[in-house]
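Number of protein chains: 2
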Amino acid sequence: MSVKFKNLTEAESFKELVSFPTPDIKNILSAERISKYNIKTGIGLDYNYSAKSVDKKLLKLFQQLADEQQVIEKYKEILHGSIMNPGEKRMVLHHYTRGVHDVEYKKGVSSKINLYKKQIERFSDFAEKVHSGKIKGSSGAKFDTAVQIGIGGSDLGPRALYLALKGFMQSGGQKPLINCEFISNVDPDDASDVMSRINPETTLFIVVSKSGTTQETLANTALVKDLIKSKSKSLDIAKHMIAVTGKGSPMENPLEFYKSFYIDDFIGGRYSSTSAVGGVILSLAFGSDVFNKLLEGAHSNDVMALENDILKNAPLLDALLSVYDRNILKTTTEAILPYSQALSRFPAHLQQLIMESNGKSVNFKGKLLKYETSPVIFGEPGTNGQHSFYQMLHQGTDIVPLKFIGFKESQQLNDVDFQGSTCQKKLNANLAAQITAFAIGHKDDNPNKNFPGGRNSDILIGQKLIPETLGSLLAHFENRTMFQGFLWNINSFDQEGVQLGKKLANKVLAGAQENPVLDAYSALFR
Amino acid sequence: MSVKFKNLTEAESFKELVSFPTPDIKNILSAERISKYNIKTGIGLDYNYSAKSVDKKLLKLFQQLADEQQVIEKYKEILHGSIMNPGEKRMVLHHYTRGVHDVEYKKGVSSKINLYKKQIERFSDFAEKVHSGKIKGSSGAKFDTAVQIGIGGSDLGPRALYLALKGFMQSGGQKPLINCEFISNVDPDDASDVMSRINPETTLFIVVSKSGTTQETLANTALVKDLIKSKSKSLDIAKHMIAVTGKGSPMENPLEFYKSFYIDDFIGGRYSSTSAVGGVILSLAFGSDVFNKLLEGAHSNDVMALENDILKNAPLLDALLSVYDRNILKTTTEAILPYSQALSRFPAHLQQLIMESNGKSVNFKGKLLKYETSPVIFGEPGTNGQHSFYQMLHQGTDIVPLKFIGFKESQQLNDVDFQGSTCQKKLNANLAAQITAFAIGHKDDNPNKNFPGGRNSDILIGQKLIPETLGSLLAHFENRTMFQGFLWNINSFDQEGVQLGKKLANKVLAGAQENPVLDAYSALFR
């Protein structure tokens, strides 16, 4: 690779940023700025950063920092097929699950791209046969339900996207083609709860694990089979089970799974929503047309993310602003606040995407870092959050950067005029009011009623949450996370921090008594 | 009042704490400590703080701090009926929704206690009549569904408690007596979604707003009525609507509501789960016996919270440890990690409870503070979180104090032995492993595989998540939040920080064009 890996704090532009004055958003915010600090980020989506503490001089330094950290070149290395996940010695190819890029690939990438394309064809075909009734349950009943059994990346992204599009499909009294449920937690009450709601005869179970060895997923599959047996003795369970896994994994077994769809090691779990991990269930739920539109939106963002100019590259600009918040303004958290009930679980997906990718203390070369990386990510939909934790955001002692998401129209278009305005108008009036209130504040002689303001935010805005827009939104955050990683000089694609817990849990289960502390904690649950 | 209000940093014991050495949990953790640093916290629940960075010397200073801040005396002032919410000039009486205390009340408190008792009788009776079919829908059909329309405290607590007990009712193939849904967000897609799942003929709507003027709740009620009309023209909607509101509020209207149940100004929204706000829907869902057991558990914690000795008062000890984390160790966030799928929305409730109560910058007397108050609260159930944000918790650059919740048994008791252990065993093996991994870490020459450890946590443990235990758990956090407020010298019972956003949103809706920034943001949604 011709790119160089340099710690954030070694970049000359970062050193300049440290001593550079931060503009007070209260003083610079204006109607003109609100219309100017607004750029596209993929199909159907705008990124408005007018309420961030940034001005032209800072933006110029941001551009220098992006150039110095060679973020576009590094993104291209990813697309070329370089080993950009050095911890696991792997390529990083999730962008190819949604479209091909006009770059020169290294050896071996083409066959991977073909694998991903082939899977889309295979699961599109499969979904169509389920919808038409050509593929049925073992008792001859048509499938009306799918249950995804997976955890982490095999759960959070697909679940968030399913919920995000369910309302879109429901508009005009429609329903999803297949109703979906998800089982993730090894807590047996999770499977019990889902199983109490569904009819196994008409249900297809999608077991998702790249390695084919995920403890929770295998245990839940065993529990689900057990519960089916006790409920519907005559069912041929293998005809109700399909797998999404790596080729050659222990899960690839035609005796247990009617069908298998494939992913590989070059798609990280938290970046796998647009692969078969999300594709199978979303195509079943909404049809492959809808899933393909989602891919189209994601690809549009991936293409735009190749722009060198940060004012034409929203995920990059967003990443720079977040690094400025974290490493210059020293914020420790970030709130994701979608004003859209359909995005109720989108913050949970982003929590994994960002914190698991960038919650690291070593750099790309494996050396210890001395500066802050991923903040804590949290969030709930507005206006719900307003009646919950916004008190702390407005008047608390810490500054929390806020990322709003909003849409001009509702998905399902049911609405009512009440006291002079619709619910959708009320929703967006609240959103506009909050951005303003956080930025400008309000002076009051009573300190208890005083709002200091100066609390910065940005917003992603779309016309309506449709599949293309959702794809852009998803890829915006994936690309922003990748760019953050380049700026921080870390590997955003491994997750060594999850290993120790797994290892110790297996020791407990094996009954080893070598660690008195571990034994004593285990004993609390006996 | 004979109590004195002093800022945290003015307390002599706090000044001592600042310069006092913090023990490294890695060095002091032992099997003996794990069994010793364990106390009761209400019926069915233990509080184990063995993995907190605390030793006997620090505990002694904590006791001095609690004494100096007169936290027990202040709690007694609350029970007496003093104006302990000075911002709104109100008493704070939520403890009386679950039992009477052996203290001398001030004038007027008795009549309030009688109101709360009376409501329990009224909604128990009502729930029984709905269950027996004495009260039916307007078409003569029995009610099988209840939909709560409320937001903030009228939504998060009741919803979290409903989900927490649903599995308990489901064990052995049972179901809740009445199936429940919740509509909160003013986004019209929220109501659309719920309405697509229910049959209005067999549904009772519970509209909850103390003031009777909550914008979201009134708008959602109008939207729900509109959707019912378009679906079931002949239904007498008023016979399907009941209210939980303040006496004399604009919502108290027998023409619109078949029945009204009452709360008053002395029960804050986020503390109202054990009042009619949670009581009506939980009694409908599970029967009044279950709700009464929840109250019993909560009351047991309230009584224990009167203990002066911090080693016999778990919510107080927990509050002291959290203030130590925040103001001495300078942590900025706190993760709530229930290893119980039934508690999936409990962190969202606590997020409101803690951040809205204690996310303040002024003291009890309304003067600006110069130290940190509420951290950001976030969390998801384990083991799900392990596959999501735990990477950052283990190896990220910031320390996040962790609060685990666990139970020896699952609720529904369905389980399977897979690869030598049940799912429940796997769940708890993971929990024991995580506490140990966070505290002790693991040394590795490869910095990428190194775990620094020293990341402190505590855990609330019960035998099983039954109603009494859930009540203890709820009250533990309410009382802990109250004690935090006393330690920080703030008013935990008002929420002035929500007002500015409301005001500006109303300006937008009224079409006022006086604020160009507000207008420009509003224009983004047109």
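First to last, the protein sequences are chains X and L. First residue of the first sequence: 1, per our numbering; consecutive thereafter. First residue of the second sequence: 1001, per our numbering; consecutive thereafter. Even glycine gets a Cβ: it sits at the ideal position worked out from N, Cα and C.
Identification of residues in the region 422–438 of chain X having a C-beta nearer than 9 angstroms to some C-beta of chain L yields 422, 423, 424, 425, 426, 427, 428, 429, 430, 431, 432, 433, 434, 435, 436, 437, 438, given in sequence order. Per the coordinates, the alpha-carbon of residue 1449(L) lies some 17 angstroms from the alpha-carbon of residue 1387(L). Among the CB atoms of chain L, none fall inside 9 angstroms of the CB of residue 469(X).
Residue environment analysis places residue 1140(L) among the exposed positions, since fewer than 16 neighbouring C-beta atoms fall within 10 angstroms of its C-beta.
Here residue 1415(L) has 1422, 1423, 1424 as same chain residues with Cβ atoms under 6 angstroms from its own Cβ, once five neighbours each way along the sequence are excluded. Excluding sequence positions up to five before and after residue 239(X), its CB lies within less than 8 angstroms of the CB of 137, 138, 258, all in the same chain and listed in chain order. For residue 143(X), the closest of 85(X), 284(X), 294(X), 380(X) by C-alpha to C-alpha distance is 284(X).
Rounded to whole angstroms, the gap between the alpha carbons of residue 103(X) and residue 305(X) is 14 angstroms. Just so you know, the alpha carbons of residue 185(X) and residue 1188(L) end up roughly 31 angstroms apart. Residue 1314(L) and residue 1342(L) have their alpha carbons spaced roughly 23 angstroms apart.
Residue-level contact check: residue 1080(L) does not touch chain X, since none of the beta carbons of chain X fall below 9 angstroms from its beta carbon.
Within chain L, the residues 1416 have their CB atoms less than 7 angstroms from the CB of residue 226(X), given in chain order. Contact of residue 1189(L) with chain X is assigned, a C-beta pair being separated by under 9 angstroms. Cα atoms of residue 1015(L) and residue 1072(L): separation of roughly 21 angstroms, rounded to the nearest angstrom. For the region 381–398 of chain X, the residues whose beta carbon sits under 7 angstroms from a beta carbon of chain L are, in order, 381, 383, 384, 386, 387, 388, 389, 390, 391, 392, 394, 395, 396, 397, 398.
For residue 1337(L), the enclosing beta strand (DSSP E) covers residues 1333–1338.
Each of 109(X), 404(X), 11(X) was checked against the Cα of residue 82(X), and the nearest Cα belongs to 109(X). Taking the CA atoms as reference points, residue 1190(L) sits about 12 angstroms from residue 171(X). The C-beta of residue 1526(L) comes closer than 9 angstroms to at least one C-beta of chain X.
For residue 476(X), no CB of chain L lies under 9 angstroms from its own CB, so it is not counted at the interface with that chain. For residue 1048(L), the chain X residues whose C-beta falls within less than 8 angstroms of its own C-beta are 524, listed in chain order. Within the region 1442–1459 of chain L, the residues whose Cβ lies closer than 7 angstroms to some Cβ of chain X are 1442, 1446, 1447, 1448, 1449, 1451, listed in chain order. Interface residue (Cβ-Cβ distance to chain X less than 9 angstroms): residue 1253(L) is not classified as such. With distances taken between CA atoms, residue 516(X) lies nearest to 1035(L) out of 1321(L), 1035(L), 1337(L), 1122(L). It is roughly 15 angstroms from the alpha-carbon of residue 1496(L) to the alpha-carbon of residue 1354(L). About 7 angstroms separates the CB atoms of residue 395(X) and residue 451(X); that is less than 8 angstroms, so the two are in contact. In the structure shown, residue 373(X) adopts coil according to DSSP, grouped into three states. Distance check between residue 1118(L) and each of 1205(L), 1059(L), 1260(L) places 1260(L) closest, using alpha-carbon atoms only. Taking residue 316(X) as the centre and dropping the five residues before and after it, the same chain places the C-beta of 66, 71, 305, 310, 483 closer than 7 angstroms to its C-beta, in chain order.
Straight-line measurement puts the Cα of residue 125(X) at about 15 angstroms from the Cα of residue 178(X). Pairing residue 1174(L) with residue 294(X), the inter-Cα distance amounts to about 40 angstroms. Contact check for residue 1271(L) and residue 1478(L): beta-carbon distance about 6 angstroms, within the 8 angstroms limit, so the pair qualifies. Taking the C-beta atoms as reference points, residue 6(X) is found no nearer than 9 angstroms to residue 456(X). In this structure, the alpha-carbon of residue 289(X) lies about 59 angstroms from that of residue 1023(L). Taken in chain order, the complete alpha helix (DSSP H) segments of 4 residues or longer contained in the region 1287–1371 of chain L are 1288–1304, 1314–1323, 1346–1358.
Cβ-Cβ separation between residue 1336(L) and residue 1379(L): approximately 4 angstroms, consistent with a contact (criterion under 8 angstroms).
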